[in-house]
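To start, the structure itself, in structure tokens.
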Amino acid sequence: MRFALFVVALGAAGAALAPVQGAPSAPWVSLFNGRNLEGWTPKIVGHKLGEDPMRTFRVEGGNLVVRYDGYEKFDGRFGHLFFRTPASRYKLRLEYRFVGQQVPEGPGWAWKNSGVMIHGQPPETMGERQDFPVSAEVQLLGGDKEGDRPTANLCTPGTNVMYNGQLWRQHCTNSNSPTFRGEEWVRLELDVNGPEDVVHYINGQEVFRYREVQLDPNDADAKAWAASGAESLIRSGSISLQSESHPVEFRRIALQLKR
């Protein structure tokens with residue numbers, strides 16, 4: 010599917026995903042209609058863009074879900090479901106929860122692990138065997154019976170950021186969120202300001218802040234994206250939801266563009 014600007018249908022009416030001139034921000038627009046995956050395109054490792062023969066991403070009970078009943082084993086088939094337009098300055102909110110059991114041979118670190126990728130590369134620029142889009146990942150985690158395992162962390166596939174006033178090259182950095190151990194719904198909100206601040210909120214509380222998402226000059230995937238014309242400082246990019254081997258559900262996915 011071509012990664013282009015679009016119009017989201019809201020019932021019989023249409024709402025353009027574009028800033029409203031003269032207003033502080035545009036209205037909130039639902040990105041998921043609760044019936045099908047219109048507006049979303051899967052990219053699964055080992056498959057072409059748009060192919061998901063295992064039905065990893067689907068709709069059940071009005072929720073957008075990640076399932077693995079079509080897999081005998083995981084076999085490194087990481088996946089991402091891309092929304093069909095990039096964005097730069099916006100708020101994104103959704104609710105998520107982890108359910109069920111991890112698929113056989115999923116990585117240990119991927120237990121109760123998913124993510125929301127922002128400022129990402131266009132999906133059509135990804136290699137067929139590329140695990141993750143170059144992006145900033147808002148890492149979503151669930152906890153075990155004991156021990157801390159915060160959520161809305163930052164991981165940086167192919168990128169670096171400015172964090173606490175310095176260039177931050179560490180791949181994953183924990184937020185200060187609480188740990189969620191069960192199958193409860195957790196509310197995530199992101200405040201994304203182009204090349205400036207990105208702020209993560211969990212259940213209404215700020216848990217992480219950084220700025221200036223930028224290409225990692227030493228990363229092969231980032232180099233490939235740069236060779237296709239991407240700027241070093243990422244001002245806008247794709248939004249995608251991740252499949253990393255543990256079933257997860259999403260609902261109430263909405264976006265509000267800023268002026």
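Heads up: the sequence shown begins at 10 in the working numbering, then just goes up one per residue.
Here a beta-carbon is modelled for each residue, glycine too, at the ideal position from N, C-alpha and C.
This one's a predicted model, so the numbers in the text were calculated from it and none came from an experiment.
Meets three-Cβ-pair contact criterion under 8 Å: the segment 58-77 and the segment 221-229: no
message: If you follow the alpha helix (DSSP H) that A235 is in, where does it begin and where does it stop?
response: Residues A229 to A236.
task: If I'm right that P89 touches G246 with Cβ under 8 Å, what's the distance once you round it to whole angstroms?
output: For the sequence presented, residue 89 should be read as His rather than Pro. No, H89 and G246 are not in contact; Cβ-Cβ is about 13 Å, not under 8 Å.
field: Boundaries of the beta strand (DSSP E) in which H209 is found, first to last residue
entry: D206 to I211
message: To test your reading of the DSSP string, which unbroken beta strand (DSSP E) runs of 3 or more residues are found completely within the segment 129-185?
response: 145-150, 162-164, 168-172 and 175-177
message: If I measure Cβ to Cβ from R11 and keep anything under 8 Å in the same chain, skipping five residues before and after, which residues do I get?
response: Any reading at R11 must be qualified, since the residue scores a pLDDT of 36, below 50, and its modelled position is unreliable; no value is offered.
query: Between which two residues does the beta strand (DSSP E) carrying N72 extend?
result: N72 to V75
- request: Compute the Euclidean distance between the alpha carbons of W194 and F259, then round it to the nearest angstrom.
  value: 9 Å
field: Given 8 Å, three or more beta-carbon pairs between the segment 143-161 and the segment 172-180
entry: No: fewer than three Cβ pairs fall under 8 Å.
field: A119 in three-state terms, based on DSSP
entry: helix
message: Since M126 and I248 should fall inside the 8 Å C-beta cutoff, what is the C-beta to C-beta distance between them, to a whole number of angstroms?
response: 7 Å
task: Decide yes or no for the touch test of the segment 89-108 against the segment 197-207: beta carbon pairs closer than 8 Å, at least 3 of them.
output: Contact holds: three or more Cβ-Cβ distances are below 8 Å.
- prompt: What residues are listed by DSSP as bridge partners for N202?
  reply: The partner list for N202 (beta bridge, DSSP) reads R98.
- prompt: Buried or exposed: which applies to S237, given that a residue is buried once 16 or more other Cβ atoms fall within 10 Å of its Cβ?
  reply: exposed
- request: Going by CA-CA distance only, name the one from R244, D153 and T182 that's closest to L165.
  value: Note on identity: in this sequence residue 165 is Thr, with Leu being the wrong assignment. Closest by alpha carbon: T182.
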